[in-house]
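Keeping their order, the protein sequence lines are chains A and B. In this text, residue positions in the first sequence follow UniProt numbering: the first is 1, and each later residue adds one. In this text, residue positions in the second sequence follow UniProt numbering: the first is 1, and each later residue adds one. Here is the structure we will look at, set down as structure tokens.
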Amino acid sequence: MSTRKKVLWGVAAAVIIFYCLFPIAWIVSLSFKAPSDLSNQSFFPSALSWENYELIFTGSASDLFLPALRNSFGICLIATAISCLLAMFAAYAIARLDFPGKTLILSTALVVAIFPVISIVTPLFNLWRNIGLYDTWPGLIIPYLSLTLPISIWTMSAFFREIPWEMEQAAQVDGATTWQAFRKVIVPLAAPGVFTTAIIAFFIAWNDFIYGISLTSTEAARPVPAALGLFTGASQFEEPTGAISAAAVIVTIPVVVLVLLFQRRIVAGLTNGAVKG
Amino acid sequence: MSTTTLPPTKKTEPVSAPKGGISDRARSERKLGWLLAGPAFAVMLLVTAYPIAQATYESLFDYRLTDPDNRSFTGLNNYWVILTDTLWWQSIGVTAFITAVTVAVELVLGFGLALVMVKALRALRPVLRAVILIPYAVITVVSAFAWQFAFDINSGFVNSSFAWIPGVAADTDWFGDRWTALLVICLAEIWKTTPFISLLLLAGLAQVPEVLQEAAKVDGATRWQRLWRVTIPNMKAAIMVALLFRTLDAFRVFDSIFIMTNGANGTESVSFLAYRQTIARLEIGLGSAVSVLLFLAVVLIAFVFIKLFKVDLAQARGE
């Protein structure tokens, strides 16, 4: 490549980096603005202020934010764990065993993945109120499976198809049962795929908003995205912009850390699941 | 116009599947298969098929939670009420508009991003990959707030920074008018979901055989011709999959609208309409009917894509 071309692609890359990061930079900058500074109409704060973070961690918004943060972590981690466990067995069967119904399971996962969430919320809202699951952790974990399980099955079957299965046969020749071969040979080989799937499933659960606002009513189970919509300012006459920005930055930190640590795997997982299946 | 693709290669059958006559081993393999995949399958049915069946049933009743004793069977009346209401058609229009605009822009933009990722210097690639994943991983609600605050009349920087653009002034109320509000909603959606499309297209680009590019170059094809007659035809499957997923996803748009306008000024999408009927107004019967109609719309879109555009998921998966 000529130097001119290199520079050109370099500039294009810089534009992409700017495009991807500026809304994040904006909300970070906003979170460091003091209340009096919020309407300064400029991108940057005139002075750094930790006031918004104090508001959500120790101040008046902490009653809303801290339980929501705990709920979000708890509910998303449990939902991710359950769907990965279920998907792991299913994906092994799909990638490895020959049985009728493989296509049925994969197409069901596809249909569930494109399902409009709101169509599930409506009946669940009524049902959950009747059987006492409304505003509880299980009341969110169960519907979250409809978000995380299909993508887990697709992504994991894609990963499992690339595993060298001769190793399993070798173990079976050596006298291992199907179950032993699965547990002792395949599980270590499959672990990276399972891990990547877990990250993607966690992103999806972490992102949920509709279930969060529809199926909860108190801080007993309300997750962060839903709580963000309910923030109020320090007084009734103050806009909650600062507190929302600070909370938004806090909930963005975990996903950014995961992205930075595991970017290569996440890209492989996303594209494998959708394109190669 | 002629396009150039490689002939499909034959795949070898997996060695573990002997055909003809069910042996004991095959039978136990089947049993194990369903034993392992069964629970996941059952859970998926339980969390979707059951609710949609329940919604279909409830959509046939005049039923609101504020007045539960007066529940009465009304047949298809709820559907009649919805389909003759301008609110429904307006929300369909808004949803279709957002879907068409965002998917079209994202496809072009995503293709550009994918091309840059392919061509960028090796050292830049991991950086680009990480950076491009950030909009994908950020919570939609957070992205909606970021865009809302940026365009907000009080806290935003857009009005003061872009005052040189005709039509933008210090007192431009972006969320006070239907089309400007929809514009900001589309911008937020595009920012958030373009990376996903570009990653799918990137995977598609990687599947275009290098030999074809070389051959076209030798035959004197211009850069533009190579793009349209070699690159794009060879990654058609990936493009279609990306289009299908994003269209269905865009059609369910809800979070950004809820945060930015709360459905005001004619910016209500179909999902938002269903939410408002059920959760806010407790009209279970009417809300269920909207949900069922939305579901049918999504099924219709998927059907059109798969039948009309012949999206072949198996081919896209390289089988």
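C-beta: ideal position from N, C-alpha, C; glycine also. Quick caveat: nothing in here was measured; it's all calculated off a predicted structure.
Against chain A, the CB of residue 58 (chain B) has a partner CB under 8 angstroms away; the residue lies at that interface. DSSP places residue 39 (chain A) outside both helix and strand once states are collapsed to three, so it counts as coil. Within chain A, the residues 116, 118, 119, 120, 121, 122 and 123 have their CB atoms less than 9 angstroms from the CB of residue 291 (chain B), given in chain order. Within the region 63-132 of chain B, the runs of alpha helix (DSSP H) that reach at least 4 residues and sit entirely inside it are, in chain order, 77-83 and 86-119. In the three-state reduction of the DSSP assignment, residue 157 (chain B) falls in the coil class. Comparing C-alpha distances from residue 289 (chain B) to each of A:240, A:121, A:156 and A:128 shows the shortest one belongs to A:121.
Taken through DSSP and simplified to helix, strand or coil, residue 61 (chain B) comes out as strand. DSSP places residue 211 (chain B) within a helical segment (H, G or I) once states are collapsed to three.
Here the alpha carbons of residue 59 (chain B) and residue 162 (chain B) stand approximately 48 angstroms from one another.
Using a Cβ distance threshold of 8 angstroms, residue 184 (chain B) and residue 260 (chain B) count as a contacting pair.
Against residue 172 (chain A), chain B offers no close residue; the least beta-carbon distance is about 11 angstroms (beta-carbon pairs closer than 8 angstroms).
Judged by DSSP secondary structure, residue 156 (chain A) falls within the alpha helix (DSSP H) whose first and last residues are 137-161. When DSSP states are grouped into helix, strand and coil, residue 260 (chain B) belongs to the helix group.
In this structure, the straight-line span from the alpha carbon of residue 45 (chain A) to that of residue 244 (chain A) is close to 16 angstroms. When the five nearest sequence neighbours on each side are left out, the beta carbons in the same chain lying within less than 7 angstroms of the beta carbon of residue 29 (chain A) are those of 43, 44 and 45, in order along the chain.
Any Cβ of chain B closer than 8 angstroms to the Cβ of residue 20 (chain A) would place that residue at the interface, and such an atom is present. For residue 184 (chain A), no Cβ of chain B is located within less than 8 angstroms of the residue's own Cβ.
Secondary structure at residue 217 (chain B): helix, using DSSP grouped into helix, strand and coil. Secondary structure of residue 126 (chain A) (DSSP, three-state): helix.
Selection A:267, A:208, A:34 and A:200 evaluated against residue 240 (chain A) yields A:34 as nearest (Cα-Cα). Your pair residue 298 (chain B) and residue 243 (chain B) does not check out as a contact, with CB atoms roughly 15 angstroms apart and the cut at 8 angstroms. Within chain B, no C-beta atom comes nearer than 9 angstroms to that of residue 265 (chain A); the closest sits roughly 11 angstroms away. For residue 179 (chain B), the secondary structure class from DSSP, reduced to helix, strand or coil, is helix. For residue 51 (chain A), the enclosing alpha helix (DSSP H) starts and ends at 51-57. Contact annotation, residue 197 (chain B) with residue 106 (chain B): C-beta distance approximately 5 angstroms; criterion of less than 8 angstroms satisfied.
In this chain, the alpha helix (DSSP H) harbouring residue 23 (chain A) covers 3-31. The C-alpha of residue 279 (chain B) lies about 35 angstroms from the C-alpha of residue 196 (chain A). Shortest Cα-Cα distance from residue 82 (chain B) to any of B:302, B:283, B:305 and B:301 involves B:283.
Annotation: residue 78 (chain A) has no Cβ neighbours in chain B at a cutoff of 7 angstroms; minimum Cβ distance is about 14 angstroms. Its chain contains 128 and 215 as the residues whose beta carbon lies nearer than 7 angstroms to that of residue 134 (chain A), once the 5 sequence neighbours on both sides are disregarded; these appear in chain order.
Between residue 167 (chain A) and residue 194 (chain A), the C-beta spacing is not below 8 angstroms. Within the region 41-73 of chain A, 41, 42 and 43 place their CB atoms closer than 8 angstroms to a CB of chain B, listed in sequence order. A direct Cα-Cα distance of roughly 16 angstroms separates residue 92 (chain A) from residue 172 (chain A). By the criterion of at least three beta-carbon pairs nearer than 8 angstroms, the region 2-11 of chain A is not in contact with the region 218-226 of chain A. Residue 95 (chain A) places its beta carbon less than 8 angstroms from that of residue 160 (chain A). Counting along the chain, the unbroken alpha helix (DSSP H) around residue 166 (chain A) starts and ends at 166-173.
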